[in-house]
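Chains A and B, in that order, give the protein sequences. Mapped onto our numbering, the consecutive letters of the first sequence carry residue numbers 1 to 456. Mapped onto our numbering, the consecutive letters of the second sequence carry residue numbers 1001 to 1336. Backbone N, C-alpha and C fix where the C-beta goes; we use that ideal spot for every residue, glycine too. This report concerns only the one structure given below.
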Amino acid sequence: MRQYTNVITAYLIMFTLIILVGIFQSWSIALTILNYCLISAVMTIGANIQWGYAGLINFGIMGYTALGGLAVVLVSVAPVGEAWRVGGLNMMICLGVIIGIVFSIRLTLKKIAKSKNRNYLIAAIIIIGILLLRLISAPAIENIEAVEPAKTGFLGGLGLPVLFSWIAGAFLAGGLAFVVGKVALGLRADYLAIATLLIAEIVVSIIKHEDWLARGVKNVIGLKRPAPYEINLQQSPWFIDLVEKFHSGKLALINSVSEKQEVLKQLVIDASSVYVKLCFTGLFLTVVIILLIVTQKALYSPWGRMMRAIRDNEEAAGAMGKNVVKQHLLIFILGSAIVGIAGAMMVTNDGLFTPGSYRPMRYTFVIWVMVIVGGTGNNFGAILGGFVVWFLWVEAAPIALFFINLFTAHLPETNEIRVHLINSAPYFRFLVIGTALLVIMRFRPQGILPEKIIKN
Amino acid sequence: MDFINAILVLLNYTIIPALTYGSQLALGAIFVTLIYGILRFANFATGDMMSFGTMFAVLLTYYFQSLGINLGIFPTALITIPIATFMMILYMLSIDKFVFEYYRIKKSPPVQLAMVSVGVMFVTQAIIRIIIGPADRTFLDGEKFILKASEFKEMTGLNEGLTIKSTQAITIVITMIVVSIMFWFLNRTKTGTSMRAYSDNEDLALLSGIDPKKVVLITWVIAGILATIGGTLYGLDKSYRPFVYFNNMLPIFAAAIVGGIGNPFGAFLGGYVIAFAEIFLTYAYKKFFTYILPEALEPNSMMQILSTDYKFAVSFSILVIVLLFRPSGIFKGKTL
C-alpha cells in the first residue's frame, strides 16, 4: 500500500481542485474540465507508451488527433446520396489508383535490383499516378462540392453509431503511424521529432483543404452523440421528476406555484447539461480505465520488459535477438492508435469537427508537457500529467486575472498598464505551462510520479 | 516579344518573391543550424525567438515614428534593427544562463535539450503576447516600390509590368551582406575557426585550448543577429504576427535539414531550395503558357501543379523525401 501513497495523494489533490472549481465557478465548468482532462489522459497514455516505454519521440500527435476526429465524420455522418451519385464512382476509382500505385512500387522494389533505373521507374510511376488521379478526381470533386455547398458539399460518412468511430479512429491513426514509422523511425531522436511534426502538418493540411472529404475549414457541425440531447431531457418526465426529487428541500421553501415552476424549469435546464456531461464522463472514464489496465499489464509483462530493454540499450537488446525495428514500429502504431481514439473522443464530445483548430501548439506541445510533467514511463503519472496540465491550461487565465487585479488594485480602472494586463490575461497560460515544464525538467526530470520498476 | 512577357510573368510572380522568401528562410535556417552544430540541440523556440527580436523592432519603429525620426525612403525599422538585435542577444544570453547552460554542463542528451527548448518556446510566446498582443501589425514605412508595374510598362512598352517592392530589394541585399560577413567570420577569423572546430569535435577542440564559454557566447551573438534580421525582414515584407512566426519555424527546420543540418552554407542554400519549390509548385502557370504557346494550344485550366493551400505541405514533403534518400541533407551535414 505504501508504494501507492504518493499516487493516491496526487490524485486526491487533483480531484479536490476540480471539486473546488465546481463549488466556486459552476459544476458545468468543472465537468467540462474533467472531460477534457480524461481526453488528455488518453492522449498522454498514447504518447507515454511511445516515449516512456520505448523512448520514441513523436511530435505528430496533432496529426493522429485530427485523423481520429476525421474518423467521427467518416463513420457517423449520414452519407450524402446526391454527392455519391455525382462523384462517388470517380473517387472510388481514385482509391483504386492509389492502391495500384502503392502495389506497383512495392513490386518494383521487390523485383528489380537496386539501381538508378529503378529510382527513375518509381518516380515515373508516382508522377503518372498523380496525373491520373488529378484527371479522374478533378471533375468529381467539383461536382461533389457543388452539392448544397452550404450544408453538405462532401461525400458524408457511413451513418453508423458514433461509438464505432472511436475504433475507426484508432485504425486510421494506426494506419498513418505504420506509414510514418516505415519512413521515419530510423532517424535519430530529434530528427524523428521534427519529421513527425512536419508529417502531422501535411496530414492536417490535407484534411483542411480536401473539402469533398470532410468539408475542410467549413467544418462539420451537429455530429451524433452517444449521450441524450439536453432538449429531449428537459421534456422527459422522468428527468424532471429526478431533478424535483434531488432539489426537493430547496423547492419546498418556495410557496407560490408559478414561482416554483419557474425555479424548477431553470434547475432542469442546468441539470440537463450536467447530466449530459456526466454521461460523457462515464464513457471517457471507461476508456481511460480499460486503457490503464491494458497498458499497466503490458508494462509488467515480458513484452514490457523487452521494450524497456530496447529503450535503455538498443544494441544490447538487438544482440539478445530482439527485433528492435519491428518492436519500435509496433509501439509507434499502438501509441498513435490510442491518440487516434482520443481525437475521436474529443470530436464526439464537442459535437463538431473543425480542421482549422488543429494547431501544433495545442495538440502536440501541450500534450508533451503533460507527459513530461506527469512522469514518463509511469501510466498513473502520464494520466495525472494530463489532469494537472489541462487544469492549469484552463484555469491559468482566471487565476492570472485574479492576481493582476490583486497587484494593480491601487491603480485607477483606466490605467493603461492595468487594462493591457487584463486584456492579455489569456496568454498567461503559455507562461504557466512553459514555466511548469522548465521547472520540472530542471528539478524533477523524471516527472511528478516517476517510473517505478517492480522486480519480482 | 511574347517570350519576354512570359519571362517577366515568371520573374514577377515566382522568381523575385521566391528569392525574398528564400532569403528570409535562409537566415532562420542558418540560425537553426548554428545552434544545432555548436550547442547540439534542435531549437524548437526558433520561430518565437525570431518573433521576439522582431517585436522590439516593431515597438521601436512605432516609438521612432512618434518622435518623428525616419529614414526617408527607407523603412524606419532599419535603424531599429541594431537596438532590437542587442535586446535579442541579451534575452538569448539570459535564457542560456538560466536554462540551457545547466543541461550543457551536465551533458544531457539532445532530446532533453530539445524538450527544454519547447519550454522556452512557451515562455517566449507568452512574453511576446503579453507585451505586444497577438494582433497582425504592419510597420513598413518609406517608399513601397522601387519599380512599379505601370512605370515599367511605360518605359519598355511591354504588356507585362515588372514590380519590385522595396522590401524585396532590401531583404535580398541585407541577406547577402549579413551572410557574406558571417561566412567570412566563420572561415577566415580565428574565433570562427575555433567555432567550426568545436562543432566538428568538441573534445579535440577543448584539448587544443579553445574556450567553450567564448564559443557559446559568440554563437548566441550570431544567432541573435540572424534571428532579429531574419524576423524583421519577414515582418517588413509581409506583416508581423506572432502566430505566423511560430509556424515559420517549420519551413525553416525543413530548410536547415534539407541543406544538411550543422552546415551553414547548406542551410543558406536550403532556404532557397524550399522557397523555390514552394512557389514553383503552387504557382498557376496559365498566363505564362498563354504567352509562349501558340493560340491553338492555349491552356484552359489554371496549369497549377498544387493548390496554394499546400504551400507548407510542399516543403515538408521535400524534407521527408530528403530524409528518406539522403538523410544527411543535399549538401552533406552531420550524419543522422
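*Within 9 Å (strictly less), CB to CB, does isoleucine 57 of chain A reach chain B?*
For isoleucine 57 of chain A, the closest Cβ of chain B is nearer than 9 Å.
*Which residues in the same chain have their Cβ closer than 6 Å to the Cβ of threonine 196 of chain A, if we skip the five residues on either side of it in sequence?*
Its chain contains Asn58, Phe59, Gly60 as the residues whose beta carbon lies nearer than 6 Å to that of threonine 196 of chain A, once the 5 sequence neighbours on both sides are disregarded; these appear in chain order.
*Run down chain B in chain order and give the residues with a C-beta less than 9 Å from the C-beta of arginine 442 of chain A.*
In chain order: Val1099, Tyr1102, Tyr1103, Val1116.
_Given this structure, state the Cα-to-Cα distance separating phenylalanine 1185 of chain B from alanine 1227 of chain B, to the nearest angstrom._
Linking phenylalanine 1185 of chain B to alanine 1227 of chain B through their CA atoms gives a straight-line distance of about 17 Å.
*Selection of the region 200-212 of chain A by Cβ proximity to chain B, strictly under 8 Å*: If the cut-off is 8 Å between Cβ atoms, the region 200-212 of chain A has Glu201, Ile202, Ser205, Ile206, Lys208, His209 near chain B.
_Per-residue DSSP class, three states only, for leucine 421 of chain A_ = DSSP, read as helix, strand or coil, puts leucine 421 of chain A in helix.
*Since valine 80 of chain A and leucine 155 of chain A are thought to touch, with beta carbons under 8 Å apart, how far apart are those beta carbons, to the nearest angstrom?*
In this structure, valine 80 of chain A and leucine 155 of chain A form a Cβ contact; the two beta carbons are roughly 6 Å apart against a cut-off of 8 Å.
*Leaving out the 5 sequence neighbours to the left and right, which residues in its chain are closer than 6 Å to tyrosine 1234 of chain B when beta-carbon positions are compared?*
Gln1024.
*asked:* The beta strand (DSSP E) that contains phenylalanine 443 of chain A, what's its start and end?
replied: Element bounds for phenylalanine 443 of chain A: not the beta strand (DSSP E) but the alpha helix (DSSP H), 428-443.
*asked:* Here's the rule I'm using: 16 or more other beta-carbon atoms within 10 Å means buried, otherwise exposed. How should threonine 1232 of chain B be labelled?
replied: The residue in question, threonine 1232 of chain B, is buried, as its Cβ has 16 or more Cβ neighbours within 10 Å.
_Enclosing alpha helix (DSSP H) for leucine 144 of chain A [first to last residue]_ = In the sequence as displayed, the identity of residue 144 of chain A is isoleucine instead of leucine. From DSSP, the alpha helix (DSSP H) with isoleucine 144 of chain A extends over 116-146.
*State yes or no: is the beta carbon of threonine 1124 of chain B nearer than 9 Å to at least one beta carbon in chain A?*
Interface with chain A (9 Å Cβ-Cβ cutoff): threonine 1124 of chain B is included.
*asked:* To the nearest angstrom, how far is the alpha carbon of isoleucine 254 of chain A from that of leucine 406 of chain A?
replied: Straight-line measurement puts the Cα of leucine 406 of chain A at about 39 Å from the Cα of isoleucine 254 of chain A.
*Would you say alanine 1227 of chain B reaches chain A, if we count a Cβ-Cβ gap shorter than 9 Å as a contact?*
Taking Cβ atoms only, chain A never reaches closer than 9 Å to alanine 1227 of chain B, which makes this a no.
*What residue does the beta strand (DSSP E) around leucine 1147 of chain B start on, and which one ends it?*
Annotation for leucine 1147 of chain B: the continuous beta strand (DSSP E) segment containing it runs 1145-1147.
*Tell me, to the nearest whole angstrom, how far the beta carbon of isoleucine 1261 of chain B is from that of glycine 1329 of chain B; I am working on the premise that it is less than 8 Å.*
Between glycine 1329 of chain B and isoleucine 1261 of chain B the Cβ distance is about 6 Å, and since that is below 8 Å, they are a contact.
*Spatial distance of alanine 409 of chain A from valine 388 of chain A (CA atoms)*: Cα-Cα distance, rounded: 29 Å.
_Which residues in chain B have a C-beta closer than 8 Å to the C-beta of isoleucine 372 of chain A? List them in chain order._
Within chain B, Met1115 have C-beta atoms less than 8 Å from the C-beta of isoleucine 372 of chain A, given in sequence order.
*Closer than 7 Å at the beta carbon, the chain B residues around leucine 437 of chain A*: Those are Val1118, Gly1119, Phe1122, listed as they occur along chain B.
*Option nearest glycine 46 of chain A by Cα separation, candidates A:Ser205, A:Val288, A:Asn349*: Comparing C-alpha distances from glycine 46 of chain A to each of A:Ser205, A:Val288, A:Asn349 shows the shortest one belongs to A:Val288.
_Excluding the 5 residues flanking proline 460 of chain A on each side, which residues of the same chain have their C-beta closer than 6 Å to its C-beta?_
Residue 460 of chain A lies beyond the residue range present for chain A, which begins at 1 and ends at 456; the question has no answer from this structure.
*asked:* Give me, in chain order, the residues of the same chain whose beta-carbon lies closer than 6 Å to that of glycine 52 of chain A; leave out the 5 immediate sequence neighbours on both sides.
replied: If we look at glycine 52 of chain A and ignore the five residues flanking it on each side, its Cβ neighbours are Thr376, Gly377.
*With DSSP run on the structure shown, which of helix, strand or coil describes alanine 1417 of chain B?*
Not covered by the structure: residue 1417 of chain B. The range shown for chain B is 1001 to 1336.
*Compute the Euclidean distance between the alpha carbons of proline 1110 of chain B and alanine 1223 of chain B, then round it to the nearest angstrom.*
Going from the Cα of proline 1110 of chain B to the Cα of alanine 1223 of chain B covers about 19 Å.
_What does the Cβ neighbour count give for proline 510 of chain A, buried or exposed, with the cut at 16 atoms within 10 Å?_
A question about residue 510 of chain A goes unanswered here, because the residues of chain A that appear run from 1 up to 456.
*By how many angstroms is the C-alpha of arginine 305 of chain A removed from the C-alpha of isoleucine 221 of chain A?*
Our two residues, isoleucine 221 of chain A and arginine 305 of chain A, have alpha carbons roughly 45 Å apart in a direct line.
*Measuring alpha carbon to alpha carbon, tell me which of B:Met1303, B:Ala1256, B:Asp1200 ends up nearest phenylalanine 1331 of chain B.*
Measuring from the Cα of phenylalanine 1331 of chain B, the nearest candidate turns out to be B:Ala1256.
*Report yes if the C-beta distance between proline 1294 of chain B and lysine 1286 of chain B is below 9 Å; otherwise report no.*
Taking 9 Å as the cut-off, the Cβ atoms of proline 1294 of chain B and lysine 1286 of chain B do not count as close.
*So is proline 1212 of chain B in contact with chain A if we call contact Cβ pairs under 9 Å?*
Taking Cβ atoms only, chain A never reaches closer than 9 Å to proline 1212 of chain B, which makes this a no.
*asked:* Please state the DSSP three-state secondary structure of isoleucine 23 of chain A.
replied: In the three-state DSSP reduction, isoleucine 23 of chain A falls in the helix class (H, G or I).
*At which residue ranges does the region 1110-1179 of chain B contain complete alpha helix (DSSP H) runs of 4 or more residues, listed in the order of the chain?*
Assignment of alpha helix (DSSP H) within the region 1110-1179 of chain B, counting only whole runs of 4 or more residues, yields 1110-1132, 1149-1156 in chain order.
*Would you mind sorting glycine 87 of chain A into buried or exposed? The rule is 16 or more other CB atoms within 10 Å of its CB.*
Its Cβ being crowded by 16 or more others within 10 Å, glycine 87 of chain A is buried.
*Any C-beta of chain A sitting closer than 9 Å to the C-beta of isoleucine 1274 of chain B?*
Isoleucine 1274 of chain B does not count as touching chain A.
*Could one say the Cβ of tryptophan 84 of chain A lies closer than 9 Å to chain B's Cβ atoms, at least one of them?*
It does not; no Cβ of chain B falls within 9 Å.
*Report the rounded CA-to-CA distance for arginine 418 of chain A versus proline 412 of chain A, giving the unit in angstroms.*
For the pair arginine 418 of chain A and proline 412 of chain A, the Cα-to-Cα distance works out to about 8 Å.
*For leucine 1071 of chain B, which beta-bridge partners are listed by DSSP?*
Beta-bridge pairing links leucine 1071 of chain B to B:Phe1074.
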